[in-house]
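Okay, so the sequence shown: first residue is 6 according to this note's numbering, each after it adds one.
Reading through the structure tokens given below for one structure.
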Amino acid sequence: DVADDREDVIESSAYMDTFGDAVSVLCREHLDKLPNQHTIVQRLRQRLLCRVIVLFLRNVCMIRPLDSKGRLRLVRDLTLFEEAILPLAPSCRQEKTDELANLFEELRSLRKLLMINPAYENENALKSYRELVYTKKTRLSSVLLLIFASAPPELRSPHDQLRMSPERFGEWMDKAENGKDPTNIALLDSGTRRNRSLEDAVCKLVTAELDRYMQRVSAKVKSQSTDQLSLASEYHLLRKLV
């Protein structure tokens, strides 16, 4: 039943219920007992909120596979998440640091990204991706990671390329964002490891995987003695974005 499916999709996930409870306990038992009248405490709570948003954004972008119903559920979860995190830093209701304001903008942009289906490669999807990146409403790395969500398994996500769990890949992203050498991996040649930003590091991984994917598909076509080269639509989008 379509109506039942729609009703089921817009319900919040069990994770969001647990997350909201955890935030309430953290604020009640710890954060609200701090001397919150001081500016330094307010700023530190906003830094905590920034970190929570960054981790949530990264994990959402690494969810795979992701079908249409999953995308709608995540859109719903993102709305609830934005409401649930406000108690972590009540001062942000009046004034946000630049970093926090940008992250809230990225949260809202992610909802738009989730409504784009990259399984159908077309100019409208590419235009939407580029607009969100070029206007700095979202990071290129977030767009790239999210496109993998609907890709065939032969097109591996960056953390799978590195044989990392999403959690460990998050640590890798932290190091890359701070301009450090994330890991000693062959994918990053020695001349470009230093001072690489997160966006450049993720683009490097994606480009390497696109080249490998093309090689695998070409080898398969050759082994089957056919001239028909069929590439996933996500491949074309990723290639144009990196």
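For glycine and all other residues, C-beta sits at the position ideal for the given N, C-alpha and C.
Any idea if residue i is buried or exposed, counting beta-carbon neighbours within 10 angstroms, 16 or more meaning buried?
i           : result
residue 144 : buried
residue 147 : buried
residue 111 : buried
residue 218 : buried
residue 240 : buried
residue 47  : buried
residue 224 : exposed
residue 90  : buried
residue 206 : buried
residue 181 : buried
residue 173 : exposed
residue 156 : buried
residue 71  : buried
Check for me: the alpha helix (DSSP H) holding residue i runs from which residue to which?
i           : result
residue 81  : 73-89
residue 184 : Segment: none, residue 184 is in no alpha helix (DSSP H) and carries neither H nor E.
residue 26  : 19-34
residue 46  : 44-66
Within its chain, find whatever has a CB closer than 6 Å to the CB of residue i; leave out the 5 residues flanking it on each side and keep chain order.
i           : result
residue 133 : 121
residue 214 : 161, 166
residue 244 : 215
residue 190 : Model confidence at residue 190 stands at a pLDDT of 43, short of 50, so the residue's coordinates are unreliable; what they give is reported in the following sentence. Within the same chain, residue 190 has no close Cβ partners at all.
residue 76  : 119
residue 204 : 145, 146
residue 212 : 247
residue 114 : 137, 142, 143
Which same chain residues end up closer than 7 Å to residue i when comparing Cβ atoms and leaving out the 5 residues on each side of it in sequence?
i           : result
residue 23  : none
residue 18  : 78, 82
residue 248 : With the chain running from 6 to 247 in the structure shown, residue 248 is simply not present.
residue 69  : 153, 154, 162
residue 178 : 63, 203
residue 40  : 46
Skipping 5 residues on each side, what residues in its chain have a beta carbon closer than 8 Å to that of residue i?
i           : result
residue 80  : 116, 119, 120
residue 210 : 163, 166, 167, 192
residue 170 : 164
residue 93  : 28, 31, 32, 36, 50, 53, 54, 57
residue 242 : 123, 126, 130, 131, 134, 152
Hey, is residue i's beta-carbon within less than 8 Å of any beta-carbon in chain D?
i          : result
residue 72 : Among the protein chains of the structure shown there is no chain D, as only one such chain exists.
What are the uninterrupted segments assigned as alpha helix (DSSP H) that are 4 or more residues long and contained completely in the stretch 203-244, given in chain order? 203-228
Write down every uninterrupted run of the alpha helix (DSSP H) in the stretch 99-174 whose length is 4 residues or greater and which is fully enclosed by it, in chain order. You should have 103-119, 128-139, 145-152, 163-166.
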